[in-house]
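Let me begin by presenting the structure, written as structure tokens, before commenting on it.
Numbering (our numbering), first residue to last: 170 to 358.
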């Protein structure tokens, strides 16, 4: 499993054999069965996860019991409740598996150790954070300004591997429409 993460890191910044060993020593493999949680709302999040295989999602549940999906994390994506992870506050998000999923988990103290021992990983995570912020801003703009059909088209372009593998109600939640309206959109395509 570690080879997939090392290849992903290497695509952004090359690693020496010694640096690969350091990362591998601190990674913890975890299997999350479909519908099981990486963590739940209210817990303190002290780890981040790299998805090796499968797909996770992060979401909040509003007062009316509706799910609002903030992120999908398919293969080669990282996921965590970053607010809880960075600030040490209880999570407001749930993260669970949409399908059986394998991840590599890094506790916060392990990441700090890795950054001290492999400083170029700070560059790797900075690039990931910049890309995540840009994508989040674009998603907000799209949500506020694009009609549902265009949001669905963008979802299909951004997540081609997910469109037929995750529940349609999850897709609908992510793009801000009802599952019924999503069915109508899909029938028209």
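We treat Cβ as the ideally placed atom computed from N, Cα and C, and that holds for glycine.
So, is residue 241 buried or exposed, given that buried needs 16 or more other C-beta atoms within 10 angstroms? buried
For residue 313, count the other beta carbons within 10 Å of its own beta carbon; 16 or more makes it buried, fewer makes it exposed. Which is it? exposed
Distance check for residue 354 and residue 249, CA to CA, integer angstroms please. 31 Å
Tell me, which residues are paired with residue 218 by DSSP? 248, 274
With 16 other Cβ atoms within 10 Å as the buried cut-off, status of residue 235: exposed
Burial state of residue 188 (16 or more Cβ within 10 Å): buried
Could you pull the start and end residues of the beta strand (DSSP E) that residue 240 belongs to? Looking at the DSSP string, the run of the beta strand (DSSP E) that includes residue 240 is 236-242.
Let me confirm a value: residue 343 is counted as buried when at least 16 other C-beta atoms fall within 10 Å, else exposed. Which label applies? buried
From the DSSP output, which residues share a beta bridge with residue 226? 241, 265
Quick check on the DSSP output: the beta strand (DSSP E) that includes residue 199 runs from which residue to which? Counting along the chain, residue 199 sits inside the beta strand (DSSP E) bounded by residues 197-201.
Alpha helix (DSSP H) containing residue 207: first to last residue? Element bounds for residue 207: not the alpha helix (DSSP H) but the beta strand (DSSP E), 206-208.
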